[in-house]
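Q: As you go down the protein sequences, you meet chains A and B in turn. So for the first sequence, the UniProt record's numbering puts the first residue at 1; every next one is plus one. So for the second sequence, the UniProt record's numbering puts the first residue at 1; every next one is plus one. Below is the structure I would like to discuss, written out as structure tokens.
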Amino acid sequence: MPAVQETVERVKRIDVDQYRYGFETLIDSEKAPKGLSEEIVKFISQKKNEPAWMLQWRLEAYRRWLTMTEPTWARVDYPKIDFQDLYYYAAPKPKKSVSSLDEIDPEILKTYEKLGIPLREVAMLEGVEPKPGEEDPARRKIAVDAVFDSVSVATTFKAELKKAGVIFMPISEAIREHPELVQKYLGSVVPTSDNFYATLNSAVFSDGSFVYVPPGVRCPMELSTYFRINERNTGQFERTLIIADKGSYVSYLEGCTAPQRDENQLHAAVVELVALDDAEIKYSTVQNWYPGNSEGKGGIYNFVTKRGDCRGANSKISWTQVETGSAITWKYPSCILRGDNSRGEFYSIAISNGFQQVDSGTKMIHLGKNTSSRIISKGIAAGKSQNTYRGLVTAHRKATGARNFTACDSLLIGDKCGAHTVPYIEAKNSSATFEHEATTSKISEDVLFYCIQRGLSQEEAVGLVVNGFVKDVLQQLPMEFAVEAQKLISISLEGSVG
Amino acid sequence: MALLEVKDLKVRVEEREILHGLTLTVNEGEVHAIMGPNGSGKSTLSHVIAGKPGYEVTDGQILFKGEDLLEMDPDERAAKGVFLAFQYPVEIPGVATMTFLRTALNAQRKARGESEYSTPDFLKKVREVSKSLNIPQDMLKRGVNVGFSGGEKKRNEVLQMALFEPSLCILDEMDSGLDIDALRIAADGVNALRSPGRAMVVITHYQRLLNYIVPDFVHVMSKGRVVKSGGKDLALELEASGYAQFEDAA
Chain A
1 MPAVQETVER
11 VKRIDVDQYR
21 YGFETLIDSE
31 KAPKGLSEEI
41 VKFISQKKNE
51 PAWMLQWRLE
61 AYRRWLTMTE
71 PTWARVDYPK
81 IDFQDLYYYA
91 APKPKKSVSS
101 LDEIDPEILK
111 TYEKLGIPLR
121 EVAMLEGVEP
131 KPGEEDPARR
141 KIAVDAVFDS
151 VSVATTFKAE
161 LKKAGVIFMP
171 ISEAIREHPE
181 LVQKYLGSVV
191 PTSDNFYATL
201 NSAVFSDGSF
211 VYVPPGVRCP
221 MELSTYFRIN
231 ERNTGQFERT
241 LIIADKGSYV
251 SYLEGCTAPQ
261 RDENQLHAAV
271 VELVALDDAE
281 IKYSTVQNWY
291 PGNSEGKGGI
301 YNFVTKRGDC
311 RGANSKISWT
321 QVETGSAITW
331 KYPSCILRGD
341 NSRGEFYSIA
351 ISNGFQQVDS
361 GTKMIHLGKN
371 TSSRIISKGI
381 AAGKSQNTYR
391 GLVTAHRKAT
401 GARNFTACDS
411 LLIGDKCGAH
421 TVPYIEAKNS
431 SATFEHEATT
441 SKISEDVLFY
451 CIQRGLSQEE
461 AVGLVVNGFV
471 KDVLQQLPME
481 FAVEAQKLIS
491 ISLEGSVG
Chain B
1 MALLEVKDLK
11 VRVEEREILH
21 GLTLTVNEGE
31 VHAIMGPNGS
41 GKSTLSHVIA
51 GKPGYEVTDG
61 QILFKGEDLL
71 EMDPDERAAK
81 GVFLAFQYPV
91 EIPGVATMTF
101 LRTALNAQRK
111 ARGESEYSTP
121 DFLKKVREVS
131 KSLNIPQDML
141 KRGVNVGFSG
151 GEKKRNEVLQ
161 MALFEPSLCI
171 LDEMDSGLDI
181 DALRIAADGV
191 NALRSPGRAM
201 VVITHYQRLL
211 NYIVPDFVHV
221 MSKGRVVKSG
231 GKDLALELEA
241 SGYAQFEDAA
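In structure tokens, the structure reads:
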């Protein structure tokens, strides 16, 4: 059988077992009743001991949401979501603030262990950290915030970060402990009125991560959040807010997984980044939500709003994403290049297999003078999936000297999938320089045969070709994540090549 | 025992029969040239030996070291020592030549139950081999065949041949797209690899290549069969009189 034909055959046989994170954790949880109402919004706010201003903010968002309709312009197709048939709040019991890992439900710890996220081993809570000098210098530290369903269950390395002046905590805590920062920045990049899902998130978000890096500080370690949806019929609405004050630097990583479910689960997160003068934020995502089974049943609806604001001069925001999961992805991490000489970057690998639908890309909005942006997007479609890149590059009237370079490459495996590129380019002043390159190719029979003739198995051959295809983007990931991402790419393609 | 025995091989592509009962025996240490006009089935033969998909063997057999080659997957054949130097080597963007060589060599070694090369051992070996073939290190850092000239591509094939140490090398139209100088360099590389334990099958249209790689045997193919076999002088004869005389013989 020709190699590509065989690949196609194997895609047809994708089995749900190939999703390695599909297990469920059996723990007691506390849920708000199903459905959405002002009462539920109040309930969530109350559960979080929020100040009155926060509740007001949520209620305003909720009231606005009632007037909005779901966006339909994306190239994705799914049955209408019944928003009253979802749980908007679920928290592991007992719900109290935890100060050491021993107080966390061991089942949850086990979950993170299975996911390969070492909350206990490398990243320890306050008081149990190794003494200076005892640490293994070869191992770079990563501070982890673990979010289980709607609640942050553990944040590691808090004390060490505190020493550097970096605030890294669940956003629910930040609302209570640093209201001045939260009030100043929350919703300043993605306003509550932004879009249907962002508005919904503003009303019901229950947790997420908050990061503040003070002026001139280079965050001493990678910050990381792992999101896990466990509960059935539960929407996950996390909210992340990262502020890099003048001249600071932070690198933030995000990973996501969920159990296998027959029904679809909704994930509608909002991420806001603010970079002040001379600051830099690097935000990396490895998204591996459950993609659904071989018939396209189940899987996460990933409707996420991510946006960074290069508010200060010479600031820089860089998005890197490796998207392999979710039944439906609707996601456009964007940069508002407000500060003069600011720079935005978007590096993306989006792999779709089975019946996955991906509509993802970015927006680069050039407002300041001499701003520049770079977009490198690599889409890989296999199985019966549809993979769309949608990107907007726009230069404001006053954004003189704006520059953009975009390269969108798509790779097709088999003949039942589709790759689409939808660029929107607007230059409102004549000094802008925008470049756009796009290619679509298939993994050719000849390339595979060449590799196989040299001794590689078919699987290794496809892995090699795909890794070559995405190399430019993989290089942008922090090292630890690059290795993880590379593995994930092979796992995701296991369905397509065996 | 012969290294390669092709017996009465019949091959179809889609519904059309290309090889109508081809027989060829190659012993260790021998260099065989296969000549013939376009469409005579030369490349088909090389592809079927290497196991390229899309060909249907309807009759006959191919034995390699006494084993049934047609029962093996193409990567298995490679690990057993079958190497095909491609007429048009493919480009693999983003994959450094060095990475490719190492992945392939280790895959072959693993399949044979041998230990994989460590990075330093591998680098040492590649350096040795590439030096002996006058291949600049810089070429190894570039993507596999990406932006390589015709000559560089063929040298990369010879480099792999030297590195993998196959016992059977099939060179498919190695001279296509090469100027005289590039041809000489590539041929020198091939000649350096001639050894008593290794056989070569050189497929070509033109006698020209055989001035550089001098064969022990020459076979003329026409319409899917070997119609004449002889020594190296047969190639010169062909050059003078052309293939037309064999058209009827087939």
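Glycine included, every Cβ here is placed at the ideal spot set by N, Cα and C.
In this structure, does DSSP put residue 476 of chain A in helix, strand or coil?
A: Three-state DSSP puts residue 476 of chain A in coil, outside helix and strand.
Q: Do residue 174 of chain A and residue 205 of chain A have their CB atoms nearer than 8 Å?
A: Contact flag unset, no.
Q: Just by C-beta distance, which residues in the stretch 212-234 of chain B are closer than 8 Å to chain A?
A: Correct list: empty, as no residue qualifies.
Q: Name, in chain order, the residues that DSSP records as bridge partners for residue 424 of chain A.
A: In DSSP, residue 424 of chain A forms a bridge with A:392.
Q: Of all Cβ atoms in chain A, is any one closer than 8 Å to the Cβ of residue 160 of chain B?
A: Yes, contact with chain A.
Q: Which of helix, strand or coil does DSSP assign to residue 56 of chain A?
A: Helix.
Q: Kindly list, in the order they appear in chain A, the residues whose Cβ is closer than 8 Å to that of residue 103 of chain B.
A: The contacting residues are 456, 460, 464.
Q: Can you name, in chain order, every residue of its own chain whose Cβ lies under 6 Å from the Cβ of residue 346 of chain A, other than the five neighbours on each side?
A: Taken in chain order, the residues that qualify are 319, 362, 375.
Q: Go through its chain and collect everything with a Cβ distance to residue 490 of chain A's Cβ below 7 Å, but skip five positions before and after it.
A: Cβ neighbours of residue 490 of chain A beyond the five flanking positions: 463.
Q: What are the residues that DSSP puts in a beta bridge with residue 225 of chain A?
A: Note: residue 225 of chain A sits in a beta bridge opposite A:145, A:254.
Q: Would you mind reading off the limits of the beta strand (DSSP E) that contains residue 168 of chain A?
A: First-last of the beta strand (DSSP E) with residue 168 of chain A: 167-170.
Q: Please name the residues in the stretch 379-397 of chain A whose beta-carbon is closer than 8 Å to at least one beta-carbon of chain B, in chain order.
A: For the stretch 379-397 of chain A, which is checked against every Cβ of chain B, not one residue is closer than 8 Å.
Q: So, helix, strand or coil for residue 130 of chain A, using DSSP?
A: For residue 130 of chain A, the predicted model reports a pLDDT of 38, less than 50, meaning its position is unreliable; a value from the coordinates is still stated below. It is coil, neither helix nor strand.
Q: Could you check the C-alpha separation between residue 5 of chain B and residue 75 of chain B for me, to the nearest Å?
A: Approximately 20 Å, taken between the alpha carbons.
Q: Which residues, in chain order, does the stretch 109-121 of chain B contribute to contact with chain A at a C-beta distance below 7 Å?
A: Cβ contacts with chain A come from 111.
Q: Hey, how far is the Cα of residue 53 of chain B from the Cα of residue 13 of chain B?
A: Residue 53 of chain B and residue 13 of chain B: Cα-Cα distance of roughly 10 Å.
Q: Tell me the rounded alpha-carbon separation between residue 164 of chain B and residue 287 of chain A.
A: Going by the C-alpha atoms only, they are around 39 Å apart.
Q: Taking all protein chains shown into account, do 16 or more other C-beta atoms lie within 10 angstroms of the C-beta of residue 180 of chain B, making it buried, or fewer, making it exposed?
A: Burial call: exposed.
Q: Note down, in chain order, each residue of its chain lying with its Cβ closer than 8 Å to the Cβ of residue 214 of chain A, except the 5 sequence neighbours on either side.
A: Cβ within range, chain order: 165, 166, 245, 248.
Q: Provide the residue(s) that pair with residue 321 of chain A in DSSP beta bridges, ordered along the chain.
A: A:285, A:348, per the DSSP bridge assignment.
Q: Note the first and the last residue of the continuous alpha helix (DSSP H) segment covering residue 241 of chain B.
A: Residues 233-241.
Q: Is residue 65 of chain A helix, strand or coil when you go by DSSP?
A: In this structure, residue 65 of chain A counts as helix in the three-state DSSP scheme.
Q: Beta-carbon within less than 8 Å of residue 162 of chain B's beta-carbon, same chain only, minus the 5 sequence neighbours each way: which residues are those?
A: 129, 132, 133, 189, 192, 193, listed in sequence order.
Q: Can you tell me whether residue 52 of chain A is buried or exposed? The criterion is at least 16 other CB atoms within 10 Å of its CB, across all chains shown.
A: It is exposed - the Cβ of residue 52 of chain A has fewer than 16 other Cβ atoms within 10 Å.
Q: Reducing DSSP to helix, strand and coil, say where residue 177 of chain A ends up.
A: Of the three classes helix, strand and coil, the one that applies to residue 177 of chain A here is helix, per DSSP.
Q: Against chain B, does residue 447 of chain A count as a neighbour if the rule is that its beta carbon must be under 8 Å from one of theirs?
A: It does; some Cβ of chain B falls within 8 Å.
Q: Against chain B, which members of the stretch 468-490 of chain A pass a CB distance test of less than 9 Å?
A: Residues passing the 9 Å Cβ filter: 468, 469, 470, 471, 472.
Q: Closer than 6 Å by C-beta to residue 316 of chain A: which residues in its own chain qualify, once you throw out the five before and the five after it? Chain order, please.
A: Around residue 316 of chain A: 280, 343.
Q: Residue 68 of chain B to residue 77 of chain B, Cα distance in whole Å?
A: About 10 Å.
Q: Quick one: does residue 45 of chain B have its CB under 8 Å from some CB of chain A?
A: Judged by the 8 Å Cβ criterion, residue 45 of chain B is not in contact with chain A.
Q: By the three-class DSSP mapping on this structure, what secondary structure does residue 356 of chain A have?
A: Coil.
Q: Between the Cα of residue 299 of chain A and the Cα atoms of A:225, A:75, A:328, A:442, which residue gives the shortest distance?
A: Of A:225, A:75, A:328, A:442, the residue nearest in Cα terms is A:328.
Q: Closer than 8 Å, CB to CB, is residue 75 of chain B near chain A or not?
A: By this cut-off, residue 75 of chain B is an interface position.
Q: Are residue 413 of chain A and residue 438 of chain A close, meaning C-beta to C-beta below 8 Å?
A: Contact: no.
Q: Between residue 271 of chain A and residue 309 of chain A, what straight-line distance do the alpha-carbon atoms span, to the nearest angstrom?
A: Answer to the nearest angstrom: the Cα atoms are 11 Å apart.
Q: Per DSSP, what kind of secondary structure is residue 243 of chain A in: helix, strand or coil?
A: Correct three-state label for residue 243 of chain A: strand.
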